[in-house]
Amino acid sequence: MPELPEVEVVRRGLARWVRGRTITGVDVPDPRSIRRHALGTEDFIGNLEHATVMDVVRRGKFLWMPLNMSSPAGTGIGSDPATAFVPGGNVPKVALMAHLGMSGQLLMQDPDVPDEKHLKVRIRLSAVNGMPEQLRFVDQRIFGGLFVTSMIPTVDGGPGGLGETPLPEIAEEASHIARDPLDPFFSFDAFYRKVKGRKTGLKRALLDQSVISGIGNIYADEALWRSRLHYARATDTLRRADAERLVEAVKDVMNAALAAGGTSFDSLYVNVNGDSGYFARSLNAYGRAGELCGRCEAIGLHSVMKREQFMNRSSYTCPVCQPRPRNGRW
DNA sequence: TGCCGAACCTGAAAGC
DNA sequence: TGCTTTCAGGTTCGGC
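Counting from 1 along the first sequence, just add 33 to a position and that's the residue number in my numbering.
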């Protein structure tokens, strides 16, 4: 399942292939994957054709490609995105937005590669020697999707997200979410204020993208395990030191996952070249129900990881080093 | 206003 | 063997 590290792996791969290239054609074999584009398939295609991809930017699990709409068809080849943004000039007004959902994949393919079983959108790119000519959106469960959205100024004046040429603009549909822990402009104080202001459980807050973005079920469990906190801990009882430990754990686990190319349990997550990541082998909590807690075992304790139902999902904890708080409070 | 749960969706695995 | 049920989970939206 793509969470922040997996989306960042995809972003880096995509940036290498699509920056500066012009979209020459678009097919939408399954319009369900563009259902968030309210104006329909024709409008979606009309917005993309002849536009030049300026960059690939990410905030949390949202990924977008700012588009230069002013380029005549075919002139995007070899243009330099770093110099394409002229203040007050051809600043991108729209972006192609992507969310991978549960099973979305953005793949670079040559035209002669047969269509994937769950191919939803095909974007043809201007020809460049040695580069694949199609960007394909493949999605088995259709929780993800593509749509065109406006670019708007960021509230804090900082870059909208992580990209190769950061701009003080953000895709409108991503403007409601908080900065993610790997964002250089991430503010611990802002995160702590939001968490303390909530009256809910800690894991629910971690999964709330308006509090902190990029965290899904897997890395929430891993970060809570690393920081020895229980998912049901009431957020308004969280001490500053606990929150600092938690944020550091989130950063550590995400950086480790990024270094391993992401977490893959099956073929549902792959990078733009179709390769899987290896971080699943390093998980300490997620999916380890019935196994011994590695941290407790290291000090001679025999505690068995347990799985509980939470928010229609599974949560994995160690009952010894992550004790459940009484009534959510310590 | 803010929290919470349902719904969306498909394929693999388990159960019968 | 084949059918049915369960499970996986990110985001949005409606109900409370």
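In this text, a Cβ means the ideal position worked out from N, Cα and C, and glycines have one as well.
Is the CB-CB distance between residue 70 and residue 181 below 8 Å? yes
Test item: CB-CB of residue 41 and residue 91 under 8 Å: yes
Distance between beta carbons of residue 234 and residue 267, contact taken as under 8 Å: 7 Å
What is the DSSP secondary structure of residue 74, reduced to helix, strand or coil? helix
Could you tell me whether the Cβ atoms of residue 148 and residue 66 are closer together than 8 Å? no
Element boundaries [alpha helix (DSSP H), containing residue 89]: Run containing residue 89: none; DSSP gives neither H nor E here.
Work out the CA separation of residue 145 and residue 48 for me, nearest whole Å. 22 Å
State yes or no: is the C-beta of residue 93 within less than 8 Å of the C-beta of residue 213? yes
Residue 101: buried (16+ other C-beta within 10 angstroms of its C-beta) or exposed? buried
Below 8 Å on the Cβ atoms is my contact criterion, and I expect residue 167 with residue 157 to pass it. Report the Cβ-Cβ distance as a whole number of Å. 6 Å
Can you tell me whether residue 72 is buried or exposed? The criterion is at least 16 other CB atoms within 10 Å of its CB, across all chains shown. exposed
In the DSSP assignment, the beta strand (DSSP E) including residue 349 goes from what residue to what residue? 346 to 350
CA-CA distance, residue 74 and residue 64? 7 Å
For residue 335 and residue 197, the rounded distance between their alpha carbons: 48 Å
Start-to-end residues for the beta strand (DSSP E) that takes in residue 153: 152 to 158
Taking the DSSP output, what are the residues bridged to residue 132? 95 and 178
Residue burial classification, residue 52 (beta-carbon count within 10 angstroms, cutoff 16): buried
Along the chain, where does the alpha helix (DSSP H) that runs through residue 51 open and close? 37 to 51
Local Cβ density within 10 Å of residue 306, reported as buried at 16 or more and exposed below that: exposed
With burial defined as no fewer than 16 other Cβ atoms inside 10 Å of the residue's Cβ, what is the status of residue 270: buried or exposed? exposed
Compare the Cα-Cα distances from residue 337 to each of 329, 343 and 344 and report the closest residue. 329
For residue 236, is the classification buried or exposed, using 16 other Cβ atoms within 10 angstroms of its Cβ as the cut-off for buried? buried
Is the distance from the Cβ of residue 340 to the Cβ of residue 347 below 8 Å? yes
By a C-beta neighbour count over all protein chains shown, 10 Å radius and 16 as the cutoff for buried, is residue 80 buried or exposed? buried
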